[in-house]
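Mapping of the sequence shown onto this note's numbering: residues 6 to 160, in sequence order.
C-beta: ideal position from N, C-alpha, C; glycine also.
Structure record follows, encoded as structure tokens.
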Amino acid sequence: AELAGVTRATLYRHFPDEVALFTACSTDWLAANPRPDPAVWATIDDPARRLCVALAELYAYYRSTEQMWSNLFRDIAMIPENFRQGISAFAPNTVEVLETGWPGPAEARLRRAGIGHAVAFETWRSLASEGLTDEEAAQLMVRFVTCVGPQEGKS
């Protein structure tokens, strides 16, 4: 309302309810800030390269949209349910694309957890707060995930 130069009452009169207001704002914001597309990453055969490309794009996206994602996660309990589902579905859908093709099916559960950790906004934010560039953070998380596997001398 402040940015538009109108009162809150005017803003609320324009929208029938908070869901309509949230829908309008979210639609505009997502159009201006589209998330990276996991379908593009699925075309990369090598799983480590796929993960590296994905994390580099995802971390750059997080950096450019950090304030909004911080606010969303801070206020997640107040966001309409259908939007919460959309926000929450992105990471698992991304993990599905990124977990394909890795060797060692016995380690699949551990690798999935590692990839899930790597794609999380909170992980990127923690690494960025330590002073890592997006590229450094992506490389670190690729190393983290690729280390999942049989260890010599261990069963």
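Please name the residue, chosen from the options, that lies closest to residue i on a Cα-to-Cα basis.
i	options	result
D42	A96, R114, L77, F149	A96
L132	R18, R68, A111, G91	R68
I81	G109, S93, E7	S93
M73	R13, W34, A29, T28	W34
E71	G91, R40, P110	R40
F88	F126, I49, S31, R18	S31
T151	P108, E141, E135, A29	P108
In whole angstroms, give me the CA-to-CA distance for residue i and residue j.
i	j	result
N38	L56	21 Å
A9	G106	49 Å
A123	T15	42 Å
D139	T99	18 Å
L26	S75	20 Å
G158	P52	Annotation note: pLDDT 48 at G158 (below 50); position unreliable, coordinate value reported separately. Computed Cα separation, rounded: 26 Å.
L137	R54	20 Å
R117	A111	11 Å
Does the distance from the C-beta atom of residue i to that of residue j stay below 7 Å?
i	j	result
L115	V147	no
A143	A47	no
W129	Y64	yes
G119	F149	yes
V11	P85	no
L103	A59	yes
Along the chain, where does the alpha helix (DSSP H) that runs through residue i open and close?
i	result
R40	Unbroken run through R40: none, as it is neither H nor E.
T151	139-151
F20	Neither: F20 is in no alpha helix (DSSP H) and is coded neither H nor E.
A94	86-103
V11	No alpha helix (DSSP H) contains V11, which DSSP labels as neither H nor E.
G136	Note, G136: premise wrong, no alpha helix (DSSP H); not H, not E.
W74	71-79
I120	113-124
Between residue i and chain C, is the shortest Cβ-Cβ distance under 7 Å, so that the two count as touching?
i	result
T128	Here there is only one protein chain, and chain C is not present.
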